[in-house]
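Quick note: the sequence shown uses full-length UniProt numbering, first residue 1, plus one each step.
Working notes for the structure below.
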Amino acid sequence: MRLDELIDKWVTNDAWLAMTIENLFKMLPRLLNEIAELKQKDPGDAYLIFNSAFNSFVPYLNIIRAKLII
1 MRLDELIDKW VTNDAWLAMT IENLFKMLPR LLNEIAELKQ KDPGDAYLIF
51 NSAFNSFVPY LNIIRAKLII
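Okay, here's the thing in structure tokens:
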């Protein structure tokens, strides 16, 4: 059996949604901690990273939004 067949058989859309939400919640505290540490050293860079880093959340948020609309 191929991996994609196994995934199709056992991993539901709800599981993908749960994993997406889990990844988002794991990434957020790490990002905020890194920004807080950087803010002490260089507030300007911390602000730039804060503004640009949240673009990495867009694909996850789009997946969640798409699943909630259906």
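Glycine residues also receive a C-beta, built at the ideal position from the N, C-alpha and C atoms.
Endpoints, the alpha helix (DSSP H) within which residue i is located
i: residue 51; result: 43 to 53
Closest by C-alpha distance to residue i, when choosing among the options
i: residue 39; options: 30, 50, 29; result: 50
i: residue 27; options: 66, 16, 53, 42; result: 53
i: residue 56; options: 13, 16, 18, 25; result: 25
Residue i at chain C interface by Cβ criterion, 8 Å
i: residue 53; result: Considering every chain present, this structure includes no chain C. It has just one protein chain.
Heavy atom of the ligand FMN within 7 Å of residue i beta-carbon
i: residue 25; result: Among the components modelled here there is no ligand, and therefore nothing to report on the ligand FMN.
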